[in-house]
Every structure is written in C-alpha cells, then in structure tokens.
Amino acid sequence: MGDSQCISNAVRTDLKEKYIRVRKLLDEESKNDPETEPYKSKYAAMEILKNMKNLLLNSVDNAKQQENEVTSLLAVVYLNQGIVAIETEELKPGQDFLMNCIDTLNKTEIRSDTVLPMISALNQLGILWSKRDQAAKAKEYLEKAEKVYKDYKNSKDSSAPVSMSSLFGLGDPSEPPPAEILEKLHTLTLYYLAQIYGSLDDLIKSAVYCHMTLKRQLEMNDFDSIDWALNAATLSQFFMEKGGYTQARHHLAAATYILRKYEDTLKEMSSKTPEDDNEREILDSKWETFKHRSADIARCWAKYGILMMMASKERLIESTETGEDKPSSNIAGIKTDPKSDISQDVLDNLKFDSIENDVQQIANNVTDKYLLDFNDAKEVFLNVQKWLDGAKCFYTLEDQASDYIQIIQDMSQVYKYLTFFEEDEDRQAKMHKRRIDLLETLVKELNVKYYQSDCRQIWIELGETYSEILDIKLDRLKAIDERPTPHMLSKINNLTQSAIDNFNKFLDSVKESGKEKFSEDLVRPVLCTYFHLGRLYNKFIIPDKQVQLENVKKSLDAYTYLVNYCEKDPKAAELMVVELNICKDFIKLLPVKINKLQHELSNS
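Residue 355 in the UniProt record's numbering sits at position 355 of the sequence shown, and the numbers go up by one each step.
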C-alpha cells in the first residue's frame with residue numbers, strides 16, 4: 001500500500017462506518033426484505049456505496065496521487081456496486097461498475113491489497129457475459145483472472161493478500177483468512193472456465209479444468225461430499241466415452257472413496273441419536289441422498305464395465321479382420337485435440353494426488369485394459385452385475401420405473417457382450433435365455449400406455465435375442481449329420497415364432513397411429529424389424545407345403561414393404577443401404593420359390 005497519507009482520519013472513520021453498514025445490509029438485512037420490496041436493503045447499500053465512491057474520488061482529487069490506498073479502496077467500492085447492481089437485475093450498470101473496478105486497478109501493478117478485488121471483478125464479468133451467452137467474451141475475462149492469480153503467486157515479492165474488509169480497518173473474525181479467499185476465488189475461476197470451454201466445444205480442455213477444480217476442492221478440504229462424488233463420476237463418463245479408461249476409472253474410484261468417507265461420517269452421526277425430531281429428519285434425509293447417489297455412482301461403474309466389454313469386442317473383431325496375431329491389451333486412451341492446447345502429458349496425469357493411494361486400491365478391482373478372453377470378460381461381467389444389483393436397491397420398479405427399466409436393459413446388454421467371449425454354444429444360448437427371462441419379466445410388469453417407448457425397445461431386443469438363440473440352434477443342426485429329432489424341430493419353430501411375436505408387438509404399437517410415414521427416430525427400427533421378419537419366416541422347418549407357402553409369402557411381403565418404403569423415402573434408403581440390397585435380391589428369388597411350392601401343391 002502507498003505511504004501517502006491522502007485520506008484524512010475523519011474520512012477514514014466515515015468510510016469504515018459506511019462499509020460496516022453496507023456489509024450488514026447485504027449479508028444480514030437483505031435476507032429479511034419483504035416480498036413487496038425484495039431489493040430494499042440492496043438499494044440502501046447501493047446509496048451508501050455511491051457516497052463512499054464520492055468521498056474517495058474527492059480524496060484522489062485533493063491528493064493528486066493515485067499510487068496509494070485510495071486505488072484499492074475505490075476498487076472494492078466499484079466491485080460491490082457491480083455485484084449489487086447485477087443482483088438487482090441491472091446488468092449494464094453492473095458491467096460498468098465492474099469495468100471501473102478493473103480500470104482503476106489497471107493503473108497499478110497487482111499487489112497484495114488489489115489482487116482480491118481484481119480477480120473477483122474478472123470472475124464476475126466472466127459470469128455476466130456467460131449469462132448473456134457470450135462465451136468467447138466470458139473466456140477473455142476468466143483467462144485474465146487465471147493469469148492474474150498465476151502472476152501474483154509467481155511474483156518474487158508476493159506477500160499474503162490483504163482482505164477487502166481490512167482495507168477499511170475492519171477485523172472480521174468470521175471471514176476466512178485472505179490467502180484462503182484468494183485460493184477459493186481461483187478455484188471459482190477454474191470452475192467457470194471449465195463451463196466456458198465446454199460451451200465453446202473445447203471439451204477436452206473443459207474436462208481438464210473440471211478435474212483441476214475437483215482437485216483443488218480436495219486439497220483445500222472445501223467441498224460437499226455428495227456433489228464432489230457426483231461431479232467426479234460425471235467427469236468419468238466423458239473420459240470413458242473418449243476411450244480414457246484409466247482416467248475414467250481413477251475418477252470413479254475417487255467418487256467411491258469420497259462417498260465411503262461420507263458414509264462413515266453419517267454412521268458416526270447416527271450412533272449419537274439426535275435429540276429432536278427435526279435433527280432426525282435431517283439425518284434421514286442425508287441417508288436417503290447418500291443411498292440415491294451411491295446408486296448413481298454404481299450405475300456409472302456399470303457403464304464403465306459395459307463400455308469396456310463393448311470396446312474390447314470391437315477391438316478383437318478388428319484384430320481378426322486385419323489378421324493381427326496377438327492383439328495387445330493396452331488401450332490407446334484419450335487423443336489430444338489439435339484445436340486444444342492441452343498436452344498428452346497433462347491428459348495422462350489427471351490424478352487426485354492427495355488421495356491417490358486410497359483411490360488406487362479401489363481402482364484395482366477392475367481393469368483399465370482391453371479384455372482378451374472369457375476370463376477377462378467374466379471378471380468385468382461379475383463386477384457390472386454387482387454394481388447393477390446395488391443400483392436396484394434404490395431404483396425400484398415401484399418408485400423409479402424409468403431408471404429400473406434402464407438397469408434391467410443394462411443387465412441384458414452385459415450378458416449379450418459376455419456371449420461374444422464365450423465359445424461354448426450351449427452356454428451362449430443359456431446367457432441369451434437369461435436376457436429373455438430378465439426382459440420378459442420386466443415387460444409383463446409395464447403399462448404399455450405409460451411406458452410405450454420402453455416396451456418398444458424391449459420387444460425389439462426380445463425379438464433379436466430369440467433370433468440369436470435360433471441361429472445357434474440352426475448352426476448346431478447344420479453341423480450334425482443325423483436327422484433332426486421332433487424336439488429339435490419344435491424348439492427351432494418355437495424360437496422363430498417367439499422372435500416374430502415380439503417383432504410384431506413392436507410393429508403393432510407403431511401402426512396404431514395409422515400413419516404411412518414414420519417419425520425420424522422410428523424409421524430404422526421399423527424397417528429393421530421388417531428385415532428381421534423377412535428372414536424369420538424363412539426359418540420355420542415345417543413339412544406342410546401349404547404352411548411353407550404362406551410363410552414364404554409373408555417373408556416376401558416383409559422384404560417388399562422395406563423396398564417400397566425406401567423407394568418413397570430416399571432418406572430411409574440411406575439408413576438401410578446394406579439391408580435394402582439384400583431385400584432386393586430376395587424379392588427376385590422368393591417368387592421363384594413361391595411358384596415352385598404352388599406347382600408342387602397343385603400336383604400333390
């Protein structure tokens with residue numbers, strides 16, 4: 001602070017009293033303002049701040065010198081005016097006051113008495129421009145705030161910052177130490193930057209800044225456990241979808257660790273039975289929130305396992321197609337974005353150092369490498385099953401049907417991926433049967449009227465799953481030389497009929513509207529269903545020629561429907577390129593088969 005004594009003691013005392021009154025109005029009295037005058041205290045504070053500003057400007061004029069404490073005091077007044085104006089919905093004046101704060105401080109180097117108002121004003125401007133959907137402008141101010149913090153911390157003579165209230169001669173014991181305020185302000189800067197980079201589509205940089213925010217909150221021990229765990233788990237979703245399984249696993253393990261610590265706290269609180277009903281209610285509510293969020297994080301873990309199995313399946317298929325002899329289990333991980341200035345080294349080291357050992361113990365329960373065989377896949381499968389069972393403890397069909405439906409569908413998916421790694425056909429069929437049991441039990445419980453979209457998804461999946469088992473049985477039949485037994489034929493026909501029944505349930509629900517043209521989200525599912533039906537009607541093994549003829553005609557009808565729809569709708573044709581070509585071939589071949597059967601029937 002400058003040595004010049006340009007503020008008289010009388011003015012200094014006056015400023016102190018006014019600042020005490022401003023803080024009382026803003027921090028206490030504004031909470032009790034009547035609904036008819038919601039900003040009464042804030043308007044009163046604004047009048048006092050205006051008065052303080054005039055007092056300070058007069059002091060500057062009298063002293064003819066800016067390099068003194070007037071600069072920092074004036075900046076704090078402008079900052080407060082800006083915040084109050086924004087809170088009273090006067091955004092343009094608020095912006096002007098904040099710019100006055102920055103312009104005042106720009107006339108001098110950043111010092112211990114000016115660093116807090118400077119970063120505060122820059123953060124506020126970042127938020128203001130963000131609310132106006134001007135992300136690039138918001139980024140400009142927030143990056144300046146980040147730079148001011150770094151420059152201040154790196155300067156050789158950076159002493160501890162001075163709190164804004166102490167500039168006015170106030171010692172506020174309830175206020176955190178100014179060094180802590182500085183760190184909190186910087187954490188906020190990083191948090192806002194994470195949002196801004198996200199809205200500017202620099203998603204990797206956004207994720208890195210989210211991580212930095214979470215890491216600082218941990219190190220400063222300034223976080224809400226539930227929020228922190230949820231944010232870490234949400235960030236893991238981004239990483240796993242980008243192929244960053246190591247980062248995703250670390251963030252999920254950190255979320256689990258923080259939740260376990262929080263559970264210990266709740267247990268301790270529960271062991272001391274709360275005195276009154278209100279305290280008990282609060283504790284019950286905390287337990288309910290804990291169970292809810294634990295279920296959410298279990299579902300994130302399950303998603304991790306499912307994506308890992310899916311990626312490993314794709315990797316093995318790719319290595320077979322390219323003739324790779326021994327595929328590596330190493331996952332390439334997140335690729336840097338050429339448009340972003342985030343380096344590979346930064347991406348590879350996104351860790352929470354302060355809790356790393358505890359986190360690693362949790363992370364080690366599941367791999368972050370590609371799965372190469374059934375044993376690898378089974379380990380992940382068992383973990384996913386455990387996580388989904390845990391999630392079902394909170395998400396029940398009675399209370400949260402939509403979430404429960406998704407959990408059952410996830411269970412079906414993880415069985416589906418496991419069958420890829422299983423070589424024994426009988427065990428493959430049993431896994432598909434387990435999927436059928438899960439989905440049929442579920443769909444029977446659902447009211448089609450309220451859960452139409454979910455039922456449609458389930459019918460399609462059931463149709464596909466019955467078809468999967470049917471293919472296994474037909475392959476088995478081809479492989480044996482003996483004549484098929486009546487039981488085997490009955491099994492094949494029953495599987496075919498079950499697949500057809502489920503596909504038809506889906507089509508019936510779609511046709512209820514009576515529209516000739518389907519909505520964009522339904523075109524491919526509907527046409528794929530016709531494609532499946534065309535194929536399935538040819539799978540029946542029935543000696544009766546008349547029934548055979550009817551089935552071939554139904555098959556032809558299904559293929560013809562798909563071709564005709566695509567001819568009328570070029571967009572649909574683009575969606576169905578492979579299937580459309582196959583259907584066109586069958587439309588040429590099946591009439592020959594129909595003629596042959598009709599000829600055989602007329603001659604019999």
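C-beta: ideal position from N, C-alpha, C; glycine also.
Backbone CA spacing between residue i and residue j [nearest angstrom]
i	j	result
Met240	Phe421	21 Å
Asn330	Glu398	43 Å
Leu26	Asp227	27 Å
Ala377	Leu371	6 Å
Tyr192	Tyr561	53 Å
Asp475	Ala499	17 Å
Leu470	Gln344	47 Å
Ile127	Ala136	12 Å
Pro486	Ile594	26 Å
Ile7	Phe168	12 Å
Asn32	Glu175	22 Å
Ser155	Ser166	23 Å
Leu185	Ser294	30 Å
Glu324	Leu418	22 Å
Asp3	Asn9	With a pLDDT of only 43 at Asp3, under 50, the local geometry of the prediction cannot be trusted, and the value read off the model is given with reservation. Answer to the nearest angstrom: the Cα atoms are 15 Å apart.
Met1	Arg280	The predicted model places Met1 with a pLDDT of 41, which falls under 50 and marks its position as unreliable; any figure quoted below should be read in that light. Computed Cα separation, rounded: 52 Å.
Ile362	Asn383	12 Å
Lys430	Met411	14 Å
Asp358	Glu140	38 Å
Ser467	Gln452	23 Å
Glu321	Lys303	27 Å
Phe503	Gly463	5 Å
Glu35	Ala85	19 Å
Expected contact under 8 Å - CB spacing of residue i and residue j to nearest Å
i	j	result
Leu259	Ile297	6 Å
Tyr209	Ala194	4 Å
Asn123	Leu188	6 Å
Ile110	Tyr152	5 Å
Tyr78	Asn58	Tyr78 to Asn58, Cβ: 16 Å. No contact.
Reference residue i; option with closest CA among the options
i	options	result
Gln548	Cys528, Asp508, Gln598, Cys566	Gln598
Arg21	Thr13, Ile48, Asn154, Ala10	Ile48
Asp541	Gln428, Asn551, Lys131	Reading off the sequence, residue 541 comes out as Ile, not Asp. Per the Cα distances, Asn551.
Leu182	Tyr149, Ala207, Leu190	Tyr149
Lys147	Lys131, Ser130, Met118	Met118
Asp113	Arg132, Trp129, Lys107, Ser163	Ser163
Asn364	Pro173, Arg12, Ala179, Ala253	Ala253
Leu98	His186, Gln217, Asn80, Lys545	Asn80
Leu55	Glu29, Tyr19, Thr322, Asn375	Tyr19
Asp403	Leu495, Cys300, Arg315	Cys300
Ile582	Met52, Cys528, Trp129	Cys528
Pro161	Ala145, Val115, Asp172	Val115
Tyr262	Asp454, Thr289, Thr273	Thr289
Lys144	Leu190, Thr465, Tyr43, Leu533	Leu190
Lys291	Pro274, Lys267, Thr273, Asp276	Lys267
Exposure label - residue i; buried when at least 16 CB within 10 Å
i	result
Asp424	exposed
Glu318	exposed
Thr71	buried
Gln134	exposed
Glu69	buried
Gln65	Any reading at Gln65 needs caution, since the residue's pLDDT is 47, under 50, leaving its predicted position unreliable; the model's value is listed next. Burial call: exposed.
Ala179	exposed
Leu590	buried
Lys539	buried
Asp368	buried
Gly94	buried
Check: Taking three-plus beta-carbon pairs below 8 Å as touching, is the segment 36-54 in contact with the segment 87-94?
Finding: Short answer: they touch.
Checklist line | Touch test, the segment 330-350 against the segment 197-204, Cβ-Cβ under 8 Å, three pairs minimum | finding: With a cut-off of 8 Å, the segment 197-204 and the segment 330-350 count as touching, because enough Cβ pairs lie within range.
Note to self: Under 8 Å, with one C-beta from each stretch per pair, do the segment 240-252 and the segment 346-360 reach the 3-pair mark?
What the structure shows: When C-beta atoms of the segment 240-252 are compared with those of the segment 346-360, three or more pairs fall below 8 Å, so the two segments count as touching.
Margin query: Does the structure place the segment 490-508 close enough to the segment 451-470 that three or more beta carbon pairs sit under 8 Å?
Written below: Touching, yes.
Next item on the list: Determine, using beta-carbon pairs with one atom in the segment 404-416 and one in the segment 381-394, whether at least three such pairs fall under 8 Å.
Entry: Yes, since at least three Cβ pairs between the segment 404-416 and the segment 381-394 fall closer than 8 Å, the two stretches touch.
Next item on the list: Could you tell me whether the segment 307-319 touches the segment 284-298, using the rule of 3 or more Cβ pairs below 8 Å?
Entry: No, the segment 307-319 does not touch the segment 284-298.
Check: Using 8 Å as the threshold, is the segment 478-497 in touch with the segment 437-457, meaning 3 or more CB pairs across them?
Finding: Output reads no: the segment 437-457 does not touch the segment 478-497.
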